[in-house]
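First comes the structure, then the notes that go with it.
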Amino acid sequence: MPFGKPKAPKEPKAPKEKKPKKPKPPKVKKGKKGEEPPVEAEGQELEEQGKKKKLPLPLLLLPLAVIAAAAVIIFVFVLPRLRGDADPEVTVSVEPEPPVLPTEIPIGEDVVIKGMALGSDESGAMAEKAKTITYVYTNLNDAGKAAQTYAAQLAEEDPAFRVVNEELVRQREKPDYTAAEGMVLLARNVPVEKPEPTPEPTEAPSEEGAEPTPTPEPTPTPEPTPEPVTYVHTVRITWSEGKCVVTADEVEGKVTSPPPSTTQPGQSISRRGAQEMLEGMAPEQLGLPGASMEEYEVLSLSGTEMVDGRACYRINVYSSNNAQGSNEFMGSYLLSLDGEHLYQLDPVTYEIEEMKKP
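With the numbering used here, letter number 134 in the sequence shown gets 351, and the count goes up by one each step, no holes.
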């Protein structure tokens, strides 16, 4: 039997924590005598300096020469152009190209011919299709009478066609339609669209207590606008035995009235001369609206009338510029035979008022 008290069991001891071992510094290899020790990069193995091979000197200078040449090109050529300092005498020559013209021209029915081909020395040439239209009327019993009838129909157009010469001056002498062969030229001015007037700004009424509106500066006088190009519709009628050739066209120009005939003091003017005198006047001189007497038809009546002891021609003025397209009476005038006195006749009251000397 054991003697004494029994001993209590001892608790087991906790294991001691081991201290982490310090990392040993890497061994540095000693270089050879007269050489520096190699430097070790982190995470990489040491490279032995002795193993590196040096490049030849010409290969090292070649990239430097290329870079220097590129810098010279950029400095001399590229930068001046970006700054706008390029030599103005240095221009790029562009050779002219031949113009683009129609390759075919139709003639007759289902027939075409080659179009005009031009070289580069005519690079600015253009081709525009003419507006000329020609019709040939055949199997006519009386070609002169057919031409006269067609001329009368054109005189009823709106605007009306008038007989003119080659300079587009209105003629009063009618052609001889009884001749076996002949020609008559008729023309009218193409109406020019007038620009719409710009409305002037209206000033709003100032309220009481409001600050006065500053006076606007005067608007500078606009430069005169060039006159628009005007065009004329022409119809040329040529007739011969049993045939009429009608050629319609649109050309640049303007139909004008013949100049008024001049007479010496004491001489009498003819009826046609009195008519031409009124045609050469401005509408405002006759109390008529419009810019030109070309908008009116001037007709002299037969016989003479006495006004203030002077023999006068009576001349009526008509206008076809209306919705109906008919000749609208615009006024009646009396011109003395010597061309020195012009009177206006009121067709309702028959009162006669002398106007300014034409």
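Heads up, the beta-carbon is just placed ideally off N, CA and C, and yes, glycines get one too.
Keep in mind the model is a prediction, meaning the values are calculated, not measured.
Query	Result
Have a look at 397, 344, 463 and 354 and flag the residue whose alpha-carbon is nearest the alpha-carbon of residue 321.	344
Please classify residue 560: is it buried, with 16 or more other beta-carbons within 10 angstroms of its beta-carbon, or exposed?	buried
Taking the C-alpha atoms as reference points, what is the distance between residue 400 and residue 459?	14 Å
At which residues does the alpha helix (DSSP H) containing residue 492 begin and terminate?	488–496
Let me check understanding here. Comparing Cα to Cα, which of 496, 356, 448 and 554 lies closest to residue 404?	448
When burial is assigned at 16 or more other CB atoms within 10 Å of the CB, is residue 286 buried or exposed?	exposed
Nearest to residue 536 by alpha carbon, out of 371, 506 and 524?	506
Could you check if residue 492 is buried or exposed, using at least 16 other CB atoms within 10 Å of its CB as the buried criterion?	buried
Need the endpoints of the alpha helix (DSSP H) that residue 365 sits in, please.	360–372
Cα-Cα, which of 513, 509 and 554 is closest to residue 531?	554
Quick check on DSSP: helix, strand or coil for residue 523?	strand
Pull up the distance between the alpha-carbon of residue 527 and that of residue 490, whole angstroms please.	17 Å
Measure from the alpha carbon of residue 313 to the alpha carbon of each residue in 336, 358, 323 and 395, then state which is nearest.	336
Measuring alpha carbon to alpha carbon, tell me which residue in 573, 533 and 544 is nearest residue 562.	533
Going by CA-CA distance only, name the one from 552, 280 and 508 that's closest to residue 408.	508
Measuring straight from C-alpha to C-alpha, what distance separates residue 488 and residue 330?	55 Å
Per DSSP, which residues does residue 400 bridge with? Please list them.	455
In chain order, what residues of the same chain have a beta carbon less than 7 Å from the beta carbon of residue 547, not counting five sequence neighbours either side?	505, 513, 534, 535 and 536
Less than 8 Å between the CB atoms is what I'm expecting for residue 381 and residue 472, so what's the real figure, rounded?	6 Å
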